[in-house]
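Comments concern the structure below.
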Amino acid sequence: MNTSMLLTVFVTIFIAELGDKTQLATLLFATDREVDRMTIFIGASLALIATSAIGVLAGAALSHLIDERVLNLLAGAAFIVIGVWTMLQASA
1 MNTSMLLTVF VTIFIAELGD KTQLATLLFA TDREVDRMTI FIGASLALIA
51 TSAIGVLAGA ALSHLIDERV LNLLAGAAFI VIGVWTMLQA SA
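One point on numbering: in this note's numbering, the residue at position 35 of the sequence shown is 35, and numbering is uninterrupted.
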């Protein structure tokens with residue numbers, strides 16, 4: 001196992017998820033006093049594992065179909081487009 005990559009992925013995803021709508025949804029579920037917090041933790045964790053698995057599988061499949069440089073350019077362009085769109089929505 002590449003521990004450097006493991007740490008990079010962990011830190012990147014951890015920072016990206018802080019304050020994200022997923023974390024806020026989990027926080028709201030946890031405010032229900034009648035629900036066991038461990039149930040919420042397990043449910044949220046399983047959902048994140050499932051979405052991460054989909055991402056890894058999709059990335060592995062795409063890496064066989066599209067050159068890595070093209071994928072990086074497409075991902076970068078997508079982030080820029082989303083960022084610009086978000087800024088335009090915020091200023092509207």
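Backbone N, C-alpha and C fix where the C-beta goes; we use that ideal spot for every residue, glycine too.
#1: Roughly how far, in whole angstroms, is the beta-carbon of residue 26 from the beta-carbon of residue 50, given that I think they are within contact range, below 8 Å?
#2: Look at the alpha carbon of residue 88 and the alpha carbon of residue 19, and state the distance between them as a whole number of angstroms.
#3: Check whether the Cβ atoms of residue 66 and residue 57 sit closer than 9 Å, and answer yes or no.
#4: State yes or no: is the C-beta of residue 30 within less than 9 Å of the C-beta of residue 40?
#5: I'd like the list of long-range same chain contacts for residue 12, defined as Cβ closer than 6 Å, with 5 residues on each side in sequence excluded.
#6: By the DSSP assignment, the alpha helix (DSSP H) with residue 44 in it spans what residues?
#7: In whole angstroms, give me the CA-to-CA distance for residue 83 and residue 37.
#8: Do you know offhand how far residue 60's Cα is from residue 54's?
In short, the structure shows the following:
#1: Sequence index remark: in the sequence shown, residue 26 carries index 26 (1-based). Sequence index remark: in the sequence shown, residue 50 carries index 50 (1-based). Cβ atoms of residue 26 and residue 50 stay farther apart than 8 Å, at about 15 Å.
#2: As a first step, residue 88 must be located in the sequence shown, where it is residue number 88. As a first step, residue 19 must be located in the sequence shown, where it is residue number 19. Between residue 88 and residue 19, the alpha-carbon positions lie close to 21 Å from each other.
#3: For the purposes of this step, residue 66 is identified with residue 66 of the sequence shown, where counting begins at 1. For the purposes of this step, residue 57 is identified with residue 57 of the sequence shown, where counting begins at 1. No, Cβ-Cβ distance for residue 66 and residue 57 is not below 9 Å.
#4: As a working mapping, residue 30 is identified with position 30 in the sequence shown. As a working mapping, residue 40 is identified with position 40 in the sequence shown. Yes, these two residues count as a Cβ contact at 9 Å.
#5: In the sequence shown, counting from the first residue as 1, residue 12 sits at position 12. So no residue of the chain qualifies.
#6: Residue 44 sits at position 44 when you count from the first residue of the sequence shown. Here the alpha helix (DSSP H) through residue 44 covers 37-65.
#7: Looking up residue 83 in the sequence shown gives position 83. Looking up residue 37 in the sequence shown gives position 37. About 34 Å.
#8: As a working note, residue 60 is residue 60 in the sequence shown. As a working note, residue 54 is residue 54 in the sequence shown. One C-alpha to the other measures close to 10 Å.
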